[in-house]
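Let me begin by presenting the structure, written as structure tokens, before commenting on it.
In this note's numbering, the protein residues as written are 52 to 1006.
Rendered as structure tokens:
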């Protein structure tokens, strides 16, 4: 046992003494993801702990103080400055200390634990017509503790300012393990026995402020977004010695915040959104001061690169409502009366047109358009990280702020500075508050590139100070900018900051390297030059192959949200960082790096991190940087089990297209066998759960009969690809699809006997998958250019994406270009005069995740509404079965837990509505969840079948 191992064992033993029952993780599989946040830095911790109470935090802090081990508090891990990583013990508050303790609607306050996600608080307060004002773009996963640590602001900071303005009291644990409450009047002990210690600390702070009154009054609080350093101005006599607000923005360097009492604001009764187009961001900035005269609640800006990336990643319809231009401002106006708000919007638009800088402007009336536009802005950090042209950009100077009146001049100088270093920046941010977020294409893999970055940051700091600004406007200084604070503040002010920390943390154990005694800004960089990794997938969109693909994850953490989109179903079910897309990507990055995860493709820790990934592919669409964990998992499983025995389910389920084809020749006896005790035994031997019924195989006779009837009488305009699942389990779908397509003016020739290879991909048997795919491509790439329509969405997605990426041939790409889902074919190719049969007014819909991720702009919900369905109640999320995943015995519970998030609640309240689910997995999960009820999930083809008396009842 090494000394480091013995020290760690001693620390964890002492934590167990002082905080009994506390969950402590020390292995690389658990700590690896916590070496990163959303910044440029990588700092592996010794341990990660998951406190459930303030007393747990006291125990950890005391144990670490005794051992001389640093402590870093962490919320959602979305820091772009590197203030949520540390070399000692990381406290993850988001896992368990996430309770809303009290809401006082009359007093308009809420008391929350540090790990409460902002959206959870907003949902709870909305019931009372209240909201928490600051709203960072990461609102779906950032925690109140993190917002307090950074003094976060957000999109509506023009109206609501910084978090510090909304904090009434903080419940803290000091560096020596004392619980106290900081409020507007000072510091108060939770335990009266600690009164002398707390009084001494408070006296030291008052002495510090008294010795530096003039300094604090002249250097701090100059502009609204001056977040850099410590906000000692709140301790001035004229501000009442407001220690709560002074501790906001200290980035966990002075105390550990365990809970907070925050002030709430009334929800606006009326609002409208304007989108304004400009030639560039400087022109947009020139109009900001005029816009501010109209009292907006938000003035947000972004440039064209973000919009282009969003459209490329999620389809051209993902961004609508923007006027002509190369840069845009969103201006939101709010009030108590909609007519007054609308009149103010019209007046503002007229005033801006008169100024002559607008290339276009409009009021966005549609709520759906507003949501889509705000999503573009909120995903700015991720979208800017990996642009449509494949270029990468990074934070580091992503948070500077100036007074709005100086914004245009600052941006002119900043763009010149970028050009002088041959750098490119993607700009967006809170223009109304003078805060500019920018991601820059730094080269951090080479010594020369790091030197350029260091020089640029020094000059950028001087530039923003020249314009009266601040290094940080809401993200904090962290590891990225603390070294540069001397550019902004005098030596005496820096000394006062150090004295402030010394009062709270004399041993320097709380988040060391941040603000005081800062680490060099180019130390501990995560990015470095790595050798190319030999893989079976080509990863054509990533210059560095697999290493570049997993590097797509920059930590913005959208995969940790509980609502909106589909990503990430396993995280939503378990709440564990390691079960998020981000956690898995970070583990793969650790594997490629080879320092803490040292056994490469054979790593058990990486295998375990990927285990609960459902391979739903939602991340490839929902993740702003386009992480495709399903593909990464397939590659890992292929390499991990190369030359070794695999899990039994990889054989029983991975080879299902072959075994099901054989079963079709004796479907009746096979089905009878599988329903009995021998079937359960075979399931256990094959690693398949016995808690599900095995779907019944269709006979070859039924298949042949269906395909004969599906052949068109005249010339076919398309090919109907009969996939393995349709062929083996529900050939009636092929018949219904052929009738619907013919009725819509698109007669098809059925193509049987081919396979997309999906089951071999999802189980990581890529050599076999390639052989299957190559045969399919050879058969389909025969000079025919007709569309290939696939009724099964997962197989359509495999043909569209996996086949060209795994084979890498022109033939594969030609075939992929022709592939359409059933929904896509009806959307794009049906005759304009086609009238479908009468449809139900209300339906429940489960969209297959692969269809959602791969076929953007062709959503079944949109088609159903277009065809006349009045209400489509879509279960937003994965069904939980996800191909082989939910049939594997060890994954059954997670599969059902995922279904409980969105699908099961809808099935429990159907009220006679039909359920539509095109995916075989989705339909199978629905059949399992409804049990013995007389409910069957229908394919859209069955609903539209002209030969059906009722949907799904073919005569």
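By construction, the Cβ of each residue, glycine as well, lies at the ideal position given by its N, Cα and C atoms.
Item                                                                                                                                                                                  : Value
What do you get for residue 703, buried or exposed, if any count of 16 or more other CB atoms within 10 angstroms of its CB means buried?                                             : buried
Do residue 194 and residue 149 count as a contact pair if the criterion is CB distance below 9 angstroms?                                                                             : yes
Can you tell which of 850, 621 and 875 has the C-alpha that lies nearest to the C-alpha of residue 867?                                                                               : 850
I need the straight-line Cα distance from residue 121 to residue 388, nearest angstrom please.                                                                                        : 52 angstroms
What does the Cβ neighbour count give for residue 698, buried or exposed, with the cut at 16 atoms within 10 Å?                                                                       : buried
By DSSP, does residue 672 sit in helix, in strand, or in coil?                                                                                                                        : helix
DSSP on residue 420, reduced to helix/strand/coil?                                                                                                                                    : helix
Going by other Cβ atoms of all chains shown within 10 Å of its Cβ, with 16 needed for buried, is residue 170 buried or exposed?                                                       : buried
Within 10 Å of its beta-carbon, does residue 134 have 16 or more other beta-carbons around it, so buried, or fewer, so exposed?                                                       : buried
Label residue 833 either buried or exposed according to how many other C-beta atoms from any shown protein chain fall within 10 Å of its C-beta, with 16 as the threshold for buried. : exposed
Rounded to the nearest angstrom, what separates residue 670 and residue 682 at their Cα positions?                                                                                    : 11 angstroms
Provide the residue(s) that pair with residue 486 in DSSP beta bridges, ordered along the chain.                                                                                      : 452 and 481
With distances taken from CA atoms, which of 93, 73 and 78 is nearest residue 577?                                                                                                    : 93
Short check: CB of residue 191 to CB of residue 614, under 9 angstroms?                                                                                                               : yes
Taking only the alpha-carbon atoms, compute the straight-line gap between residue 554 and residue 155 and give it to the nearest angstrom.                                            : 34 angstroms
Does the count of Cβ pairs from the region 499-509 and the region 470-480 closer than 8 angstroms reach three?                                                                        : yes
Which of helix, strand or coil does DSSP assign to residue 643?                                                                                                                       : helix
So residue 223 is in the alpha helix (DSSP H); what residue range does that whole segment cover?                                                                                      : First-last for residue 223: 218-224, but that is the beta strand (DSSP E), not the alpha helix (DSSP H).
With a threshold of 6 angstroms on Cβ separation, who are the neighbours of residue 124 within its own chain once the five nearest residues in sequence on each side are excluded?    : 142, 303 and 307
By alpha-carbon positions, which one of 857, 161, 942 and 602 ends up nearest to residue 740?                                                                                         : 942
Assign residue 1006 to one of three DSSP states: helix, strand, or coil.                                                                                                              : Reliability of the predicted coordinates at residue 1006 is poor, the pLDDT of 43 falling under 50, and the value obtained from them is presented with this limitation in mind. In the structure shown, residue 1006 sits in coil (DSSP, three-state: anything other than H, G, I, E or B).
Quick check: the Cα distance between residue 522 and residue 336, rounded to an integer number of angstroms?                                                                          : 19 angstroms
Put residue 199 into one of helix, strand or coil per three-state DSSP.                                                                                                               : helix
On the criterion of 16 or more Cβ atoms from any shown chain inside 10 Å, does residue 1006 qualify as buried, or is it exposed?                                                      : Unreliable placement is indicated for residue 1006, whose pLDDT of 43 sits below 50; no coordinate value is reported for it.
The alpha helix (DSSP H) that contains residue 240, what's its start and end?                                                                                                         : Residue 240 -> not in any alpha helix (DSSP H); beta strand (DSSP E) instead, spanning 237-240.
Which residue comes first and which comes last in the beta strand (DSSP E) that contains residue 329?                                                                                 : 321-329
At 4 residues or longer, and completely inside the region 558-603: list those alpha helix (DSSP H) runs for me, N to C.                                                               : 596-601
Using the C-alpha atoms, what's the distance from residue 886 back to residue 998?                                                                                                    : 14 angstroms
Below 8 angstroms, can you find three or more Cβ-Cβ pairs linking the region 414-430 to the region 452-462?                                                                           : no
Can you have a look at residue 174 and say buried or exposed, based on whether 16 or more other CB atoms are within 10 angstroms of its CB?                                           : exposed
Contact between the region 872-882 and the region 602-620: three or more CB pairs below 8 angstroms?                                                                                  : no
Could you work out which residue in 813, 929, 616 and 962 is closest to residue 985 when comparing CA atoms only?                                                                     : 962
What residue range does the beta strand (DSSP E) around residue 310 cover?                                                                                                            : 307-314
According to DSSP, simplified to helix, strand and coil, what is residue 425?                                                                                                         : helix
Within the chosen definition, does the region 223-232 reach the region 516-533 through at least 3 CB pairs nearer than 8 angstroms?                                                   : no
Cβ atoms of residue 465 and residue 476: under 9 angstroms apart, would you say?                                                                                                      : yes
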